[in-house]
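Residue numbers (the numbering used here), protein chains in the order written: chain Y, 1 to 153; chain G, 154 to 306. We put the CB at the ideal spot given by N, CA and C, even for glycine. Data block below; observations after.
There are 2 protein chains.
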Amino acid sequence: MSLFLVLEGEVRLLRHQNDGQISVLQRAGPGAVLAEASVFAERTHCSARTTMRSRVGIVAMPILRQALARDPALALAYARHLSVEVRAARTRAEILSLRGVAARLDSWLAEGRVLPPKGKRIGLAEEIGVSPEALYREIAKRRTKSELRERAS
Amino acid sequence: MSLFLVLEGEVRLLRHQNDGQISVLQRAGPGAVLAEASVFAERTHCSARTTMRSRVGIVAMPILRQALARDPALALAYARHLSVEVRAARTRAEILSLRGVAARLDSWLAEGRVLPPKGKRIGLAEEIGVSPEALYREIAKRRTKSELRERAS
DNA sequence: CATCGGACATGATCGGGATCATGTTTCAAC
DNA sequence: GTTGAAACATGATCCCGATCATGTCCGATG
């Protein structure tokens, strides 16, 4: 049981359903922390997996727990970090509970985020829980719409 | 800006999209804490709303922040709480990213949870992001299946 | 440059679930 | 017991998005 710091690449936290299904609990990109939520857990049934060549830092849980108990400032900083993660996860759940690709994309963009460049859109499709094709179509729809608006000017 | 402790009833944390859409960020039942994720945020664009008669405790954010900075044990406990919330939110997002009512219900039940009694199923439908009708049908399907299994014995 | 793989793009088809409609059960309040 | 509201239940319809298929574009590699 360890904590992982993703330095380069991408690592995913996976859960193995007892029926064999695997699902993604967390995707951690560069600078992100993986499995923070497991620091206080005694047992976990999760595993991690890289999706590309990656560099990661590893911190053993017991050491981290000691450090948290000893260093109040660290504990506070850690709580702040978890706070951010809670918000992020809730926001994602909120988006996933919307119906329709358009609504999900809107909601995703409403976080002040920008449409990823070509090459990174499949990741977005996964994040908002739609098929890549559906996302491409929605983007194409918006492209033509904004072109129509331009023409009108 | 305050933290709410739900003693009775249910309170929901809502987000107001700038296009007028409202979505649920968190549903807090008895014993739960509402808006923990906002403790470290300077600004939030969320509001809370009760869905039934409720009793809630209120803690002003500045006071909580002071207490967290002063009391290391509290900070640690708070981190532990946030840890649980992160896991819960991620699990929900994971469920919502599954396709099909059956898969979502399976996944929800796989957490060691039990099908709620009649009267509480609409809440479950909301949580796993399906219409009540779809959930009723899925439950009915399983009922008939288990009846068939019984008859065979 | 040729090749090759992966993402982008778009058409065609199909199914699952949202939605509407209608009826039944349940339970609380009077 | 009666009434009324909300949840449970199930049928019918329809639409959106998953999926399959096909093709183009682009960047990396030899």
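Nearest to residue 215/G by CA position, among 201/G, 291/G, 189/G, 289/G, is which residue?
Stepping through the second sequence from its first residue, residue 215/G is reached at position 62. When only C-alpha atoms are compared, the closest one is 189/G.
What does residue 25/Y touch in chain G if you count any residue whose Cβ is under 7 Å from its own?
What you label residue 25/Y is simply residue 25 of the first sequence in a count that begins at 1. What residue 25/Y touches in chain G: 243, 247.
Which residue wins for smallest C-alpha separation from residue 60/Y, given the options 53/Y, 40/Y, 49/Y?
In the first sequence, the residue the question calls residue 60/Y occupies position 60. Checked all of 53/Y, 40/Y, 49/Y; the closest Cα to residue 60/Y is 40/Y.
Helix, strand or coil: how does DSSP classify residue 288/G here?
Here residue 288/G refers to the residue found at position 135 when the second sequence is read from its first residue. Helix.
Strictly below 8 Å CB to CB, what residues from chain G border residue 86/Y?
Locating residue 86/Y in the first sequence gives position 86, counting from the first residue. Per Cβ cutoff of 8 Å: 189, 190, 235, 238, 239, 242.
Report the neighbours of residue 75/Y on chain G: residues whose CB is nearer than 8 Å to its CB, in chain order.
Translated into positions along the first sequence, residue 75/Y becomes position 75. The answer, in chain order, is 225, 228, 229, 232.
Can you give the beta carbon distance from residue 56/Y to residue 29/Y, rounded, assuming they're within the 8 Å contact cut?
Numbered from 1 along the first sequence, position 56 holds the residue referred to as residue 56/Y. Numbered from 1 along the first sequence, position 29 holds the residue referred to as residue 29/Y. Residue 56/Y to residue 29/Y, Cβ: 12 Å. No contact.
Going by CA-CA distance only, name the one from 65/Y, 124/Y, 77/Y that's closest to residue 109/Y.
By 1-based counting over the first sequence, the position of residue 109/Y is 109. For residue 109/Y, the nearest C-alpha among the options comes from 124/Y.
Thinking C-beta only, is residue 75/Y closer than 9 Å to residue 217/G?
Position 64 of the second sequence, counted from the start, is the residue given in the question as residue 217/G. Position 75 of the first sequence, counted from the start, is the residue given in the question as residue 75/Y. No; because the gap between Cβ atoms is not below 9 Å, this pair is not in contact.
I'd like to know whether the C-beta of residue 21/Y is nearer than 9 Å to at least one C-beta of chain G.
Counting from 1 along the first sequence, the entry for residue 21/Y is found at position 21. Yes, because at least one Cβ of chain G sits closer than 9 Å to the Cβ of residue 21/Y.
Scan the stretch 15-103 of chain Y and note each continuous alpha helix (DSSP H) run of 4 residues or more that stays entirely inside, going in chain order.
Those alpha helix (DSSP H) runs which fall completely within the stretch 15-103 of chain Y and span 4+ residues are 61-70, 72-96.
Is residue 122/Y buried or exposed, if buried means 16 or more other CB atoms sit within 10 Å of its CB?
On the first sequence, position 122 is the one that residue 122/Y refers to. Exposed, since its Cβ has fewer than 16 Cβ neighbours within 10 Å.
Is the beta carbon of residue 82/Y less than 9 Å from the beta carbon of residue 232/G?
In the first sequence, the residue the question calls residue 82/Y occupies position 82. In the second sequence, the residue the question calls residue 232/G occupies position 79. Closer than 9 Å, so yes.
How about residue 249/G and residue 272/G: are their beta carbons less than 9 Å apart?
Here residue 249/G refers to the residue found at position 96 of the second sequence. Here residue 272/G refers to the residue found at position 119 of the second sequence. Not closer than 9 Å, so no.
Going by C-alpha to C-alpha distance, which of 3/Y, 15/Y, 135/Y, 145/Y sits closest to residue 58/Y?
Start at 1 with the first residue of the first sequence, and residue 58/Y comes out as number 58. That would be 3/Y, whose Cα lies nearest to the Cα of residue 58/Y.
Using CA atoms only, rank isn't needed, just tell me which of 43/Y, 48/Y, 44/Y, 21/Y is closest to residue 27/Y.
For the purposes of this step, residue 27/Y is taken as residue 27 along the first sequence, with counting starting at 1. Of the listed residues, the one whose Cα sits closest to residue 27/Y is 48/Y.
Just how far apart, CA to CA, sit residue 177/G and residue 169/G?
Working through the second sequence from its first residue, we reach residue 177/G at position 24. Working through the second sequence from its first residue, we reach residue 169/G at position 16. Rounded to whole angstroms, residue 177/G to residue 169/G spans 9 Å at the Cα level.
When DSSP builds the beta bridges, which residues end up paired with residue 165/G?
Within the second sequence, numbered from 1, the residue matching residue 165/G stands at position 12. According to DSSP, residue 165/G bridges with 180/G, 202/G.
Can you tell me the Cα-Cα spacing of residue 161/G and residue 134/Y, whole angstroms?
In the second sequence, the residue the question calls residue 161/G occupies position 8. In the first sequence, the residue the question calls residue 134/Y occupies position 134. Each residue's Cα considered, the two are about 42 Å apart.
Beta-carbon within less than 6 Å of residue 44/Y's beta-carbon, same chain only, minus the 5 sequence neighbours each way: which residues are those?
Translated into positions along the first sequence, residue 44/Y becomes position 44. Once the five neighbours on either side are set aside, the close Cβ partners of residue 44/Y are 38.
What does the alpha-carbon distance come out to for the pair residue 203/G and residue 305/G?
Along the second sequence, one-based indexing puts residue 203/G at 50. Along the second sequence, one-based indexing puts residue 305/G at 152. Answer to the nearest angstrom: the Cα atoms are 47 Å apart.
Using a Cβ-Cβ cutoff of less than 8 Å, which residues in the same chain neighbour residue 220/G once the five nearest sequence positions on both sides are dropped?
Here residue 220/G is taken as the residue at index 67 of the second sequence, counted from 1. Taken in chain order, the residues that qualify are 227.
According to DSSP, is residue 160/G part of a helix, a strand, or is it coil?
On the second sequence, residue 160/G is found 7 positions in, with the first residue counted as 1. In the structure shown, residue 160/G sits in a strand (DSSP, three-state: E or B).
With a threshold of 16 other CB atoms inside 10 Å of the CB of residue 255/G, please say whether the residue is buried or exposed.
Sequence index remark: in the second sequence, residue 255/G carries index 102 (1-based). Looking at its Cβ environment, which holds fewer than 16 other Cβ atoms inside 10 Å, residue 255/G is exposed.
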